[in-house]
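As structure tokens, the structure follows; a few thoughts come after it.
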Ligand code: PEP
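Numbering (this note's numbering), first residue to last: 39 to 275.
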């Protein structure tokens, strides 16, 4: 069995200096302990860089605008990603959907644009609390809408199911709920499917033991390198 896919989303945390320190320490841990799979890090845009590492650490962008370059104030495009050899991008994260107001139409356009350029895409979907409370049928409908316009057979796609009510709240979905919801998504796409939402050292083993869970996208608990090392130690096969 391969080790699960582990991806760390730094969100708006870490500087260029602290990211370099983190990568160096993670590289040391991976070189010493081995993992058998690439480990993905999504640092803030200002910390993107070409890191010299012994182990397979893949640096991804949390976001970019679907353009090579141009007049999109505050955004970065392909030219800025290429400068650092970034070949992985997060698309559809709930904070971009719900805080930054990205529509499904725009997300689908972004997905298609980066897919055409061959980037590896981590694509996030997940329902807010009121939809979860409305029941299974409502959740299914909501998730299907978040896949509208997305090529779910893209060979460089990794999906992440991240219920909004579990992100950064300390509330993790139960294994039963993850299994049930992953089955809905797996019926649509056979691409690897991660769970995200308050994954931490105390629950990562339980989350990754869920049938149909291929890994974890981790925010808060990944920000301290010691937490990341602990989680990798727990899940490494
Ligand atoms: C995330 O941002 O993708 C995430 C899962 O965050 P947290 O682990 O903090 O819930």
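By construction, the Cβ of each residue, glycine as well, lies at the ideal position given by its N, Cα and C atoms.
Are the beta-carbon atoms belonging to residue i and residue j less than 8 Å from one another?
{"i": "residue 273", "j": "residue 243", "result": "yes"}
{"i": "residue 155", "j": "residue 197", "result": "no"}
{"i": "residue 268", "j": "residue 239", "result": "yes"}
{"i": "residue 202", "j": "residue 136", "result": "yes"}
{"i": "residue 88", "j": "residue 139", "result": "no"}
{"i": "residue 215", "j": "residue 234", "result": "no"}
{"i": "residue 158", "j": "residue 126", "result": "yes"}
{"i": "residue 73", "j": "residue 46", "result": "no"}
{"i": "residue 248", "j": "residue 210", "result": "no"}
{"i": "residue 81", "j": "residue 253", "result": "no"}
{"i": "residue 64", "j": "residue 263", "result": "yes"}
{"i": "residue 106", "j": "residue 116", "result": "yes"}
{"i": "residue 173", "j": "residue 146", "result": "no"}
Does the Cβ of residue i lie closer than 7 Å to at least one heavy atom of ligand 1?
{"i": "residue 196", "result": "no"}
{"i": "residue 237", "result": "yes"}
{"i": "residue 240", "result": "no"}
{"i": "residue 270", "result": "no"}
{"i": "residue 256", "result": "yes"}
{"i": "residue 172", "result": "no"}
{"i": "residue 70", "result": "no"}
{"i": "residue 47", "result": "yes"}
{"i": "residue 204", "result": "yes"}
{"i": "residue 243", "result": "no"}
{"i": "residue 259", "result": "yes"}
Using DSSP bridges, identify the partner residues of residue i.
{"i": "residue 77", "result": "44, 95"}
{"i": "residue 199", "result": "163, 233"}
{"i": "residue 256", "result": "46"}
{"i": "residue 214", "result": "None; residue 214 has no bridge partner."}
{"i": "residue 158", "result": "126"}
Between which two residues does the beta strand (DSSP E) carrying residue i extend?
{"i": "residue 129", "result": "126–129"}
{"i": "residue 150", "result": "That residue, residue 150, is in no beta strand (DSSP E); its alpha helix (DSSP H) goes 142–154."}
Helix, strand or coil: which one does DSSP assign to residue i?
{"i": "residue 64", "result": "helix"}
{"i": "residue 55", "result": "helix"}
{"i": "residue 90", "result": "coil"}
{"i": "residue 180", "result": "helix"}
{"i": "residue 168", "result": "helix"}
{"i": "residue 101", "result": "coil"}
{"i": "residue 137", "result": "coil"}
{"i": "residue 207", "result": "coil"}
{"i": "residue 175", "result": "helix"}
{"i": "residue 132", "result": "helix"}
{"i": "residue 238", "result": "coil"}
{"i": "residue 223", "result": "helix"}
Specify, as a first and last residue, the run of the alpha helix (DSSP H) that residue i falls within.
{"i": "residue 120", "result": "116–121"}
{"i": "residue 273", "result": "263–273"}
{"i": "residue 194", "result": "Here residue 194 belongs to no alpha helix (DSSP H), and DSSP marks it neither H nor E."}
{"i": "residue 246", "result": "242–246"}
{"i": "residue 109", "result": "Per DSSP, residue 109 belongs to no alpha helix (DSSP H) and is neither H nor E."}
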